[in-house]
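Residue numbers (this note's numbering): 83 to 500. Everything on this sheet refers to the single structure shown next.
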């Protein structure tokens, strides 16, 4: 195998970073693996794996329940990560950070708690055509129960949000749900502009930040968010751990989402009294090892630097656009904005009329891992006029060699099908 290289002027040493991820050292079917599916789930550096093993090896105990030493150590470790998360997203109040199992649960929590308490007949919320199903279906389920309306922000031809009728859509709305970055097109949305307009109209703002928090410096106050959801597994952390951040004044007025241990202050035969935030929303034993892993992932990302991560991904996007358009011309359709600074490190594409699943299968024969399908965004697929796409996505450990491998695999695909 030839030696890997970094992009000229790249602020990251992606080649060195890649060596910290054990799975990226694998070969697939005789080829160096080019992992281009981080938008679905990122890989984990050895230090995250070690941190989780270290928890089980040294302080494995339940939290908030024991006065013995390792239970207190586990509790302190978990609550330390809560503080780390708050700092990472620019939150000033650690109690505004709620641990969930993933971002989908975080968004369901907003709908099932805040939404059920505040939405009813005659009310409306606003969603965008870029949304992942996780920020659509919970609201649709609640709307069928509570009888409120859902309005939609449409798209421009290059898959950016069309805000021409935003004021009309916001009239009388109680909440705007929007992604900060599309998991299909990579489109970066003007969250602050929309948030300011929403707040002027009296609406709250719920941000799906799954494709944003892992890839750029995040400040919840600068974004203007009221709720913000993301998952650990997309940011070098483990699966099974997500985060909901929400403003204290909103969280304190929200009823519990799940019932059980840890979320109560008192239980009597005739009812219960919930505890305060954030534990009111953390019923049962939390995913302790996963929270420890998330904390280590945040430490890793802080050392790398989020500004450097974003600059690296934009440089990779520019290289990918240039490489694929030069090699495939009109045979290649790339969805979303053409400018790298208008998108995250996600690229959905079509190669002629080859089905995305066929593209993905042949790429796998060349050691290239991409996603194929509707990417849990069927309304967006319909807006794009396609049933599915192939999707490549890159992260801090990807090098231009991965894009070259993608292009070579697509050449093989074109020779077979076109």
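Every residue, glycine too, gets a C-beta built ideally from N, C-alpha and C.
Of all the options the options, which has the alpha carbon lying nearest to the alpha carbon of residue i?
i, options, result
"residue 388", "313, 402, 301", "301"
"residue 175", "331, 336, 406, 471", "331"
"residue 375", "156, 363, 423, 298", "156"
"residue 337", "100, 217, 193", "193"
"residue 327", "177, 135, 223", "177"
"residue 440", "495, 427, 295", "495"
"residue 471", "362, 414, 219", "414"
"residue 310", "188, 140, 96", "188"
"residue 392", "215, 198, 204, 299", "299"
"residue 173", "128, 304, 122, 349", "304"
"residue 437", "421, 456, 424", "456"
"residue 254", "230, 237, 241, 243", "230"
"residue 425", "385, 407, 475, 442", "475"
"residue 203", "226, 385, 160", "226"
"residue 409", "488, 133, 151", "488"
"residue 100", "386, 372, 467, 139", "386"
"residue 373", "233, 163, 360", "163"
"residue 316", "110, 350, 477, 136", "477"
"residue 364", "467, 333, 434, 130", "333"
"residue 359", "345, 350, 353, 213", "345"
"residue 427", "343, 270, 111", "270"
"residue 296", "244, 443, 171, 112", "171"
"residue 504", "433, 212, 395", "The chain is shown from 83 up to 500; residue 504 falls before or after that span and cannot be answered."
"residue 467", "490, 417, 491", "417"
"residue 92", "397, 407, 497", "397"
"residue 213", "235, 228, 473", "235"
"residue 109", "447, 238, 102", "447"
"residue 423", "434, 130, 263, 112", "263"
"residue 294", "135, 122, 84, 348", "122"
If you count every other CB in all the chains shown that lies within 10 Å of the CB of residue i, and 16 or more means buried, which is it?
i, result
"residue 378", "buried"
"residue 149", "exposed"
"residue 382", "buried"
"residue 313", "buried"
"residue 165", "exposed"
"residue 126", "buried"
"residue 184", "buried"
"residue 105", "exposed"
"residue 431", "buried"
"residue 195", "buried"
"residue 152", "exposed"
"residue 128", "exposed"
"residue 98", "exposed"
"residue 411", "exposed"
"residue 473", "buried"
"residue 133", "buried"
"residue 241", "buried"
"residue 84", "exposed"
"residue 186", "buried"
"residue 469", "exposed"
"residue 354", "exposed"
Roughly how far, in whole angstroms, is the beta-carbon of residue i from the beta-carbon of residue j, given that I think they are within contact range, below 8 Å?
i, j, result
"residue 419", "residue 181", "At roughly 34 Å, the Cβ-Cβ gap does not stay under 8 Å, so residue 419 and residue 181 are not in contact."
"residue 462", "residue 266", "5 Å"
"residue 339", "residue 191", "5 Å"
"residue 465", "residue 429", "At roughly 17 Å, the Cβ-Cβ gap does not stay under 8 Å, so residue 465 and residue 429 are not in contact."
"residue 268", "residue 224", "Residue 268 to residue 224, Cβ: 29 Å. No contact."
"residue 390", "residue 201", "Incorrect: roughly 41 Å between the Cβ atoms, too far for contact."
"residue 292", "residue 124", "The pair is not a contact, with the Cβ atoms about 11 Å apart (cut-off 8 Å)."
"residue 400", "residue 215", "Not quite, the Cβ-Cβ distance comes to about 30 Å (not below 8 Å), so this is no contact."
"residue 179", "residue 380", "About 12 Å separates the two Cβ atoms, so there is no contact after all."
"residue 274", "residue 306", "5 Å"
"residue 356", "residue 362", "5 Å"
"residue 237", "residue 245", "Actually they do not touch by this definition, with Cβ atoms about 11 Å apart."
Let me check one thing: in DSSP terms, what residues is residue i bridge-paired to?
i, result
"residue 348", "355"
"residue 288", "259, 309"
"residue 432", "415"
"residue 109", "114"
"residue 103", "Per DSSP, none; premise fails for residue 103."
"residue 181", "325"
"residue 210", "235"
"residue 253", "BP columns for residue 253 are empty, so no partner."
"residue 119", "475"
"residue 453", "473"
"residue 425", "269"
"residue 243", "237"
Self-check item: Meets three-Cβ-pair contact criterion under 8 Å: the stretch 275 to 289 and the stretch 134 to 150
Solution: no
Practice problem: Answer yes if the stretch 256 to 275 comes into contact with the stretch 200 to 209, meaning at least three C-beta pairs across the two stretches below 8 Å, and no otherwise. | Solution: Contact between the stretch 200 to 209 and the stretch 256 to 275 is present, because at least three Cβ pairs lie under 8 Å.
Quiz item: Quick one: any contact between the stretch 104 to 123 and the stretch 451 to 458, if contact means 3 or more CB pairs under 8 Å?
Solution: yes
Quiz item: Are the stretch 357 to 373 and the stretch 305 to 325 touching, with three or more C-beta to C-beta distances below 8 Å?
Solution: The stretch 357 to 373 is in contact with the stretch 305 to 325.
Quiz item: Do the stretch 471 to 482 and the stretch 84 to 97 meet, that is, are 3 or more Cβ pairs less than 8 Å apart?
Solution: yes
Quiz item: Is the stretch 272 to 279 touching the stretch 231 to 249 in the sense that three or more CB pairs, one from each, lie closer than 8 Å?
Solution: yes
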